[in-house]
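Colleague: In the order they appear, the protein sequences are chains A and S. Position 3, counted from 1, in the first sequence is what UniProt numbering calls 3; the numbers after and before it change by one each time, with no gaps. Position 89, counted from 1, in the second sequence is what UniProt numbering calls 89; the numbers after and before it change by one each time, with no gaps. Heads up, the beta-carbon is just placed ideally off N, CA and C, and yes, glycines get one too. Treat the numbers as computed from the prediction; the structure is a model and nothing was measured. Provided herewith is a single structure, encoded as structure tokens, for subsequent inquiry.
There are 2 protein chains.
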Amino acid sequence: MDSGSDAPPLTPAGRRIVDAAEELFYERGITAVGVDLIAEHSGVTKRTLYNRFGSKDNLVAAYLTERDRRWRSEVRAAVAASGSAEDAVTAPFEALRSWTSTHTRGCAFLNALAELPDPQHPGHRVAADQKRWLRGLFEALATEAGCHGPAALATRLFVLHEGAVATAPLSLGTVAAASDLARELVRAAVRG
Amino acid sequence: MDSGSDAPPLTPAGRRIVDAAEELFYERGITAVGVDLIAEHSGVTKRTLYNRFGSKDNLVAAYLTERDRRWRSEVRAAVAASGSAEDAVTAPFEALRSWTSTHTRGCAFLNALAELPDPQHPGHRVAADQKRWLRGLFEALATEAGCHGPAALATRLFVLHEGAVATAPLSLGTVAAASDLARELVRAAVRG
DNA sequence: TCACGGGTATACTGATCTGTATACCTCTCG
DNA sequence: CGAGAGGTATACAGATCAGTATACCCGTGA
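If you want it as structure tokens, here you go:
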């Protein structure tokens, strides 16, 4: 559940493959990108790609797992950088703000869920787990901050967060709006 | 902007093609479904499909346009069925509730945006327009109900709505949570 | 009567898809 | 020395992709 250190240490070629997959899958879509293109962009033979990952589905899962690892790291850093337990609850929205300022394709995990309907697909599982982790993080942070009704509050913060990231590419000011409302909700839950 | 009556009257075969496209594109994904499969499912020759729509991209746009037309109709019905101007503001959440009770693949438009990164793609435009329409509808309803700060409120309601529909397939209770919070926000904006 | 719109049937093109086969190279470590 | 891991290079299989070509059928309306 921690998505932590049980990652197999990637070989140099494996590293380049995942890097290329991260960019291409995210920018152009998973189904629209073929393994040949990824092999070419990473300067690696298709044979090597299949030796490392076995199948495209597994490579997709590796791509999402890597994204998940980095994203959790950024969120945890934002939580650690927050000044108070109350601010920590909305720290994921700060991480979201900086993410959306440089990326215009929204959430890699929501996009993956849109493209991979099959719950058995390894990539689907990674993406769904990422979302469940985030909702759980909100609940843990809300509990830590002494908020009333941490479970219900966490679901509300989670909805706001996902709505913001899902609509971020539309540039309708949803990230700031969600962030502001989230802070109001947390403040009310701490006081109330 | 109304997505109304300027729709070309579909021929019988065209009707069946769009119906099949609606089901297949939504359930399995746009890129993952080929035109041959749609032709087969609609009992139509591929020649006819191309005579009607010209290209897969155009068929995708027709699919999303049809979905948009139906969805706006359902939302407008929910608005009309609401008992008061205040209830009308959150009527789209009622439509969302009934939609997610029978569909587990989330929002066809968000899914389309996830699969079609190119803003020039005709399907991308239809999906983006649908989202802008919804945000505008919230603002119009909020204004009608005499809410304070209707523009900011509309963006908040929009974020909640999109977060709910984006995470609905995860079954984390987000639709009910967003709906409840939306009503609280509207009530506060009417009173305040 | 006859032209035309809507549709069927079948075959095809050229590209691209995931995945595999075969053969060779090079470095490290026991 | 020798084995194995990591990788390259090239070619291939079989399926599927979007889209086109050719030829025919049938109903309606001028």
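Between which residues of its own chain and Ser82 (chain S) is the CB-CB distance below 6 Å, once the five residues before and five after are set aside?
Modeller: In the second sequence, counting from the first residue as 1, residue 82 (chain S) sits at position 82. Hits under 6 Å: Ala88 and Ala91.
Colleague: Consult DSSP for Pro92 (chain S) and reduce its assignment to one of helix, strand or coil.
Modeller: Numbered from 1 along the second sequence, position 92 holds the residue referred to as residue 92 (chain S). DSSP places Pro92 (chain S) in helix when its eight states are reduced to three.
Colleague: Around the Cβ of Ser73 (chain A), are there at least 16 other Cβ atoms within 10 angstroms (buried) or fewer (exposed)?
Modeller: For this step, residue 73 (chain A) is matched to residue 73 along the first sequence. By the 10 Å Cβ count, Ser73 (chain A) comes out exposed.
Colleague: Please report how far the alpha carbon of Phe93 (chain A) lies from the alpha carbon of Leu160 (chain S), in whole angstroms.
Modeller: On the first sequence, residue 93 (chain A) is found 93 positions in, with the first residue counted as 1. On the second sequence, residue 160 (chain S) is found 160 positions in, with the first residue counted as 1. Each residue's alpha carbon lies about 15 Å from the other.
Colleague: With 8 Å as the limit, tell me which residues of the region 146-180 of chain S have their beta carbon closer than that to any beta carbon of chain A; keep them in chain order.
Modeller: Listed by position along the chain: Ala152, Thr155, Arg156, Phe158, Val159, Leu160, His161, Glu162, Gly163, Ala164, Ala166, Thr167, Pro169, Leu170, Leu172, Gly173, Thr174, Ala177 and Ala178.
Colleague: Give the secondary structure of Gln120 (chain A) by DSSP, where H, G and I count as helix, E and B as strand, and everything else as coil.
Modeller: Along the first sequence, one-based indexing puts residue 120 (chain A) at 120. Three-state result, Gln120 (chain A): coil.
Colleague: Taking 6 Å as the line, does the beta carbon of Arg156 (chain S) fall inside it for any heavy atom of the ligand GTP?
Modeller: No copy of the ligand GTP occurs in the structure displayed, which carries no ligand at all.
Colleague: Please report the straight-line C-alpha distance between Ile17 (chain S) and Phe138 (chain A), rounded to a whole angstrom.
Modeller: As a position in the second sequence, residue 17 (chain S) is number 17, starting the count at 1. As a position in the first sequence, residue 138 (chain A) is number 138, starting the count at 1. Each residue's alpha carbon lies about 44 Å from the other.
Colleague: Who are the near neighbours of Asp118 (chain A) in its chain, counting only those whose CB is closer than 7 Å to its CB and skipping five residues on each side?
Modeller: Within the first sequence, the letter at position 118 stands for residue 118 (chain A). So the qualifying residues of the chain are His124.
Colleague: If we define contact as Cβ-Cβ less than 7 Å, is residue 195 (chain S) a contact residue for chain A?
Modeller: The structure shown has nothing for residue 195 (chain S), since chain S only spans 1 to 192.
Colleague: Considering only the alpha carbon of each residue, which of A:Ala20, A:Gly43 and A:Val44 lies closest to Val33 (chain A)?
Modeller: If you number the first sequence from 1, residue 33 (chain A) lands on position 33. Out of A:Ala20, A:Gly43 and A:Val44, A:Ala20 has the C-alpha closest to the C-alpha of Val33 (chain A).
Colleague: What residues in the UniProt domain "HTH tetR-type" (11-71) of chain A bring their beta carbon closer than 7 Å to a beta carbon of chain S?
Modeller: Answer set for the UniProt domain "HTH tetR-type" (11-71) of chain A: Glu27, Arg28, Gly29, Thr31 and Ala32.
Colleague: Rank A:His121, A:Ala188 and A:Ala128 by C-alpha distance to the C-alpha of Leu162 (chain A) and give the top, closest one.
Modeller: The residue you call residue 162 (chain A) lines up with position 162 of the first sequence. The amino acid occupying residue 162 (chain A) in the given sequence is Glu; Leu does not appear at that position. With distances taken between Cα atoms, Glu162 (chain A) lies closest to A:Ala128.
Colleague: What is the rounded straight-line gap between the Cα of Lys46 (chain S) and the Cα of Leu172 (chain S)?
Modeller: Taking the first residue of the second sequence as 1, we reach residue 46 (chain S) at position 46. Taking the first residue of the second sequence as 1, we reach residue 172 (chain S) at position 172. Those two C-alpha atoms are separated by around 41 Å.
Colleague: In chain A, which residues lie with their C-beta within 9 Å of the C-beta of Ala91 (chain S)?
Modeller: Translated into the one-based positions of the second sequence, residue 91 (chain S) becomes position 91. Within 9 Å Cβ-Cβ: nothing; Ala91 (chain S) doesn't reach chain A, min ~18 Å.
Colleague: Please state whether DSSP places Thr174 (chain A) in a helix, a strand or coil.
Modeller: Your numbering for residue 174 (chain A) matches position 174 in the first sequence. It is helical.
Colleague: Find the nearest neighbour of Thr11 (chain S) within the set S:Asp36, S:Val35, S:Arg28 and S:Val44, judged by alpha-carbon distance.
Modeller: Numbered from 1 along the second sequence, position 11 holds the residue referred to as residue 11 (chain S). Comparing Cα-Cα distances from Thr11 (chain S) to each of S:Asp36, S:Val35, S:Arg28 and S:Val44, the minimum goes to S:Val44.
Colleague: On a Cα-Cα basis, can you pick out the residue from A:Gly136, A:Pro169 and A:His148 that is closest to Thr155 (chain A)?
Modeller: As a working note, residue 155 (chain A) is residue 155 in the first sequence. If we check each option's Cα against that of Thr155 (chain A), A:Gly136 comes out closest.
Colleague: Please list the residues of the region 124-146 of chain A that have a C-beta atom closer than 8 Å to any C-beta atom in chain S, keeping them in chain order.
Modeller: Residues passing the 8 Å Cβ filter: Ala128, Lys131, Arg132 and Arg135.
Colleague: Would you mind telling me which residues of chain S sit closer than 7 Å to Leu110 (chain A), beta carbon to beta carbon, in chain order?
Modeller: By 1-based counting over the first sequence, the position of residue 110 (chain A) is 110. What Leu110 (chain A) touches in chain S: Ala114 and Ala166.
Colleague: In chain order, what residues of the same chain lie with their CB nearer than 7 Å to the CB of Asp57 (chain S), ignoring the 5 residues before and after it?
Modeller: Taking the second sequence and counting its residues from 1, one reaches residue 57 (chain S) at position 57. So the qualifying residues of the chain are His121, Pro122 and Gly123.
Colleague: Under three-state DSSP, which class holds Gly14 (chain A)?
Modeller: Counting from 1 along the first sequence, the entry for residue 14 (chain A) is found at position 14. In the structure shown, Gly14 (chain A) sits in a helix (DSSP, three-state: H, G or I).
Colleague: Under 7 Å Cβ-Cβ, which residues of chain S neighbour Arg105 (chain A)?
Modeller: Within the first sequence, residue 105 (chain A) is the residue found at index 105, counting from 1. Here the neighbours are Pro117.
Colleague: Hey, quick one: how far does the alpha helix (DSSP H) through Ala168 (chain S) stretch, first residue to last?
Modeller: Here the question's residue 168 (chain S) lines up with position 168 in the second sequence. Careful: Ala168 (chain S) lies outside any alpha helix (DSSP H) and carries neither H nor E.
Colleague: If you draw a straight line from the C-alpha of Tyr26 (chain S) to the C-alpha of Val60 (chain A), how long is it?
Modeller: Numbered from 1 along the second sequence, position 26 holds the residue referred to as residue 26 (chain S). Numbered from 1 along the first sequence, position 60 holds the residue referred to as residue 60 (chain A). Looking at the two C-alpha atoms, the distance is approximately 21 Å.
Colleague: Check whether the Cβ atoms of Leu110 (chain A) and Ala166 (chain S) lie closer than 7 Å to each other.
Modeller: Position 110 of the first sequence, counted from the first residue, corresponds to residue 110 (chain A). Position 166 of the second sequence, counted from the first residue, corresponds to residue 166 (chain S). Their beta carbons are under 7 Å apart, which means Leu110 (chain A) touches Ala166 (chain S) by this criterion.
Colleague: Out of A:Ala80, A:Val35 and A:Ala77, which has the shortest C-alpha to C-alpha gap to Tyr63 (chain A)?
Modeller: Here residue 63 (chain A) refers to the residue found at position 63 of the first sequence. When each option's Cα is compared against that of Tyr63 (chain A), the closest is A:Val35.
Colleague: Nearest-angstrom Cα distance between Ala114 (chain A) and Ala164 (chain S)?
Modeller: Translated into the one-based positions of the first sequence, residue 114 (chain A) becomes position 114. Translated into the one-based positions of the second sequence, residue 164 (chain S) becomes position 164. Straight-line Cα distance between these residues: approximately 14 Å.
Colleague: Tell me which residues share the same chain as Arg52 (chain A) and place their Cβ nearer than 6 Å to its Cβ, disregarding the 5 neighbours each side in the sequence.
Modeller: By one-based count along the first sequence, residue 52 (chain A) stands at place 52. If we look at Arg52 (chain A) and ignore the five residues flanking it on each side, its Cβ neighbours are Gly14.
Colleague: To which residues of the same chain is Gly4 (chain S) closer than 6 Å at the C-beta, ignoring the five residues directly before and after it?
Modeller: The count along the second sequence starts at 1 and reaches residue 4 (chain S) at position 4. A caution first: Gly4 (chain S) carries a pLDDT of 45, below 50, which makes its placement in the model too unreliable to give a value.
Colleague: With distances taken between CB atoms, is the gap from Thr31 (chain S) to Thr104 (chain A) smaller than 7 Å?
Modeller: Along the second sequence, one-based indexing puts residue 31 (chain S) at 31. Along the first sequence, one-based indexing puts residue 104 (chain A) at 104. For Thr31 (chain S) and Thr104 (chain A), no; Cβs fall outside 7 Å.
Colleague: How many angstroms separate the CA atom of Val126 (chain A) from the CA atom of Thr102 (chain S)?
Modeller: Here residue 126 (chain A) corresponds to residue number 126 of the first sequence, with the count starting at 1. Here residue 102 (chain S) corresponds to residue number 102 of the second sequence, with the count starting at 1. Whole-angstrom Cα-Cα distance: 25 Å.
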